[in-house]
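Reading through the structure tokens given below for one structure.
Encoded structure:
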């Protein structure tokens, strides 16, 4: 009985890694489609979105079945709860990759990214992709140190997004209104993809230690306010 249960837990973990990996692959395809006017890459992301949604739903059902039928406690309970939250993260990563693919398809054969912003968008894409791959690694190895490091490094993504918005706001900006809007949206999608990848990685901290990084951060902020 325990062997079958453990197999289900292992299956849940493996499928979650696959889902995160595919979401990251979709981001790579979507940004390639955007920057290289690659319509086939955009359509590959768009056509595969429904399957990813079905896969995520099936994983969530498996996790809920384990909760209902096995009444897990301690580490097993944390693993299932973490998986449910990470499934939601992976879904959102997929959605934001899909938004980027939609932008690429809508503007094909042109690139909607102004020349002045291409290097910045490439940097954001590389960082978001790396965060997705690292989230998979963290889940595989249950590496809480890397999970914490990833959260710290993610601050760079916020800087990138601010830089993108600064390009739009500058008085010397020559972008058309559509270009400015698309750039702001694109920076938002890339930042949010990274947000969810980092969230998924940091759920491993809760899985391993029982500590919730978000609650710890809220507690620290509350204490800082109280000390003022």
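Residue numbers (UniProt numbering): 1 to 228. Just so it is clear, CB atoms sit at the ideal spot from N, CA and C, and this is done for glycine as well.
Could you check if residue 172 is buried or exposed, using at least 16 other CB atoms within 10 Å of its CB as the buried criterion?
Looking up residue 172 in the chain shown gives position 172. Residue 172 comes out exposed.
Host alpha helix (DSSP H) of residue 190 (start-end):
Taking the first residue of the chain shown as 1, we reach residue 190 at position 190. Residues 177-209.
Beta-carbon proximity check, residue 33 vs residue 104, cutoff 8 Å
As a first step, residue 33 is located in the chain shown; it is residue number 33 there, counting from the start. As a first step, residue 104 is located in the chain shown; it is residue number 104 there, counting from the start. In this structure, residue 104 lies closer than 8 Å to residue 33 by Cβ.
Buried/exposed call for residue 131, threshold 16 Cβ in 10 Å:
Reading the chain shown from its first residue, position 131 is the one you call residue 131. Looking at its Cβ environment, which holds 16 or more other Cβ atoms inside 10 Å, residue 131 is buried.
In chain order, what are the residue ranges of uninterrupted beta strand (DSSP E) at least 3 long that sit wholly in the region 88-154?
none
Counting along the chain, where does the alpha helix (DSSP H) carrying residue 40 start and finish?
Position 40 of the chain shown, counted from the start, is the residue given in the question as residue 40. Taken as a continuous stretch (DSSP letters only), the alpha helix (DSSP H) holding residue 40 covers 39-70.
Rounded to the nearest angstrom, what separates residue 94 and residue 170 at their Cα positions?
The residue you call residue 94 lines up with position 94 of the chain shown. The residue you call residue 170 lines up with position 170 of the chain shown. The straight-line gap from Cα to Cα measures roughly 32 Å.
In angstroms, rounded to a whole number, what distance separates the CA positions of residue 91 and residue 53?
As a working mapping, residue 91 is identified with position 91 in the chain shown. As a working mapping, residue 53 is identified with position 53 in the chain shown. If you take the alpha carbons of residue 91 and residue 53, they lie about 7 Å apart.
Would residue 197 and residue 128 qualify as a contact pair, given that the criterion is a beta-carbon distance under 8 Å?
Here the question's residue 197 lines up with position 197 in the chain shown. Here the question's residue 128 lines up with position 128 in the chain shown. Going by C-beta atoms, residue 197 is nearer than 8 Å to residue 128.
So residue 19 packs on residue 56, CB below 8 Å; how close in whole Å?
Locating residue 19 in the chain shown gives position 19, counting from the first residue. Locating residue 56 in the chain shown gives position 56, counting from the first residue. Right, their Cβ atoms sit about 6 Å apart.
Give the DSSP-derived three-state secondary structure of residue 218 in the structure shown.
As a position in the chain shown, residue 218 is number 218, starting the count at 1. Caution is warranted here: a pLDDT of 40 is assigned to residue 218, below 50, making its placement in the model unreliable, and the coordinate value is therefore given only provisionally. In this structure, residue 218 counts as helix in the three-state DSSP scheme.
Does DSSP classify residue 76 as helix, strand or coil?
Working through the chain shown from its first residue, we reach residue 76 at position 76. In the structure shown, residue 76 sits in a helix (DSSP, three-state: H, G or I).
Using only CA atoms, which one of 37, 59, 51 and 45 lies nearest to residue 9?
The residue given as residue 9 occupies position 9 in the chain shown. Taking only the C-alpha atoms, the option nearest residue 9 is 59.
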